[in-house]
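Some notes on the structure that comes next.
Numbering (the working numbering), first residue to last: 387 to 812.
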């Protein structure tokens with residue numbers, strides 16, 4: 387499916403891309419060479435344009451990988467690295483031109499590239515069992531909101547002082563350590579999770595995990611008709627009719643039963659449990675093959691998508707927008723996830739045991755160095771530590787030295803002042 391990725395292997399500890407060792411050129415150039423850009427080689431796409439669509443996409447993926455904060459920052463980076471300009475096949479570019487092109491670029495093109503990157507990740511994770519062999523793979527769905535400037539984005543108006551867009555996301559969990567988004571649907575902030583469900587929840591072998599914003603009688607009946615497996619939290623408004631009761635196997639689980647809802651004739655499973663703060667959770671699922679505790683484990687893994695949103699906003703700076711135009715923002719969403727996909731592809735190919743953030747940090751650190759430097763860092767053996775040793779607490783703490791430059795004013799503690807006042811009364 388990906389013509390430019392058919393010769394990538396991991397051989398004797400060295401990652402090779404397109405029959406060349408990753409150490410032959412700078413790591414950032416190797417990362418950009420992974421991008422499936424074969425669909426943009428047609429000259430008709432860029433007829434009369436100085437900056438090709440292929441180069442444009444690579445520039446913005448590099449910006450996500452290296453956290454280029456503005457268009458002027460992009461210009462500086464490109465001027466500073468001639469090897470990068472050679473990879474992009476450009477001599478120089480202005481920030482204003484980049485801004486115009488990213489706003490005008492059809493999002494369908496960026497979406498297609500994202501889908502091909504996802505296909506490569508899927509091929510590298512074939513055979514992964516999911517959370518466990520019994521539970522299998524999970525598809526966690528949810529949305530995150532990205533706030534926009536009030537005066538510049540009237541098209542994203544929600545309420546006074548609140549302009550925003552949403553990224554409706556499906557996160558595939560293929561193992562305890564590996565999860566990646568395989569589909570997103572951008573929208574304005576007024577689109578609810580319920581309205582996006584038909585686009586993001588599709589027939590799949592994995593089990594869908596959702597919060598209360600997605601299920602309704604209609605949605606639940608559609609999912610049952612399509613044979614979609616799900617574990618979802620429901621509201622109190624959904625009326626359930628008990629068919630059979632099961633004995634709970636954990637003190638937190640208050641009820642486990644086979645039920646019907648509404649006019650549905652196909653039974654589902656209902657589990658009610660409380661958390662540590664005595665909050666009640668009502669769960670509906672099609673997974674009769676699992677224990678009640680395994681159902682709880684599945685729903686608790688829903689939190690992975692919240693961590694994912696926090697990750698991309700913090701480390702990929704998705705909250706720092708490059709555009710105030712709808713299409714520019716949709717493009718940025720896909721480009722950020724393409725950069726994440728490139729990082730995951732290299733992590734899987736190098737078989738690194740680091741966490742996604744640790745690996746991404748190493749990748750970013752060595753972006754402008756030969757790739758072999760990164761491989762050495764990944765394979766570096768850590769010194770074994772004896773752990774934290776108990777140190778006896780000294781009776782008289784040593785007073786810190788303030789030096790001769792700073793101005794220091796002694797602060798008397800409240801308890802000491804009380805004692806001094808009492809002593810002063812005698």
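Note that beta-carbon positions come from the ideal geometry of N, C-alpha and C, so glycine has one too.
Item, Value
"Using 8 Å as the Cβ pair cut-off and three pairs as the minimum, do the segment 508-517 and the segment 737-745 touch?", "no"
"Could you compute how far the alpha carbon of residue 630 sits from the alpha carbon of residue 606?", "20 Å"
"Do residue 681 and residue 668 have their C-beta atoms closer together than 8 Å?", "no"
"For the pair the segment 443-457 and the segment 707-727, tell me if three or more CB-CB distances fall below 8 Å.", "yes"
"Assuming residue 647 and residue 625 form a contact by the criterion Cβ under 8 Å, report the distance between their Cβ atoms to the nearest whole angstrom.", "7 Å"
"Just to confirm, is the Cβ distance from residue 579 to residue 599 under 8 Å?", "yes"
"Assess contact between the segment 541-549 and the segment 481-496, defined as three or more Cβ pairs (one per stretch) separated by less than 8 Å. Is contact present?", "no"
"Smallest Cα separation from residue 634: which of 676, 615, 619?", "676"
"Taking C-alpha atoms, which residue in 678, 620, 628 lies nearest to residue 639?", "678"
"Note down the Cα distance separating residue 595 from residue 524, rounded to an integer number of angstroms.", "7 Å"
"What did DSSP end up calling residue 790 once you bin it into helix, strand or coil?", "coil"
"Going straight from the alpha carbon of residue 749 to that of residue 708, what length do you get?", "23 Å"
"From residue 743 to residue 622, what distance separates their C-alpha atoms?", "38 Å"
"Can you check which of these residues, 436, 614, 503, is closest to residue 417 by C-alpha distance?", "503"
"Measuring CA to CA, which of 488, 519, 549 is closest to residue 559?", "519"
"Give the secondary structure of residue 552 by DSSP, where H, G and I count as helix, E and B as strand, and everything else as coil.", "strand"
"Does residue 591 pass the burial test, meaning 16 or more other C-beta atoms within 10 Å, or should it be called exposed?", "exposed"
"Compute the beta-carbon to beta-carbon distance between residue 628 and residue 645, rounded to the nearest angstrom, for a pair I have assumed lies under 8 Å.", "6 Å"
"On a CA-only basis, which of 499, 487, 608, 792 is nearest residue 714? Give me that one, please.", "487"
"Could you check the C-alpha separation between residue 589 and residue 612 for me, to the nearest Å?", "7 Å"
"Using CA atoms only, rank isn't needed, just tell me which of 440, 443, 423, 453 is closest to residue 702.", "453"
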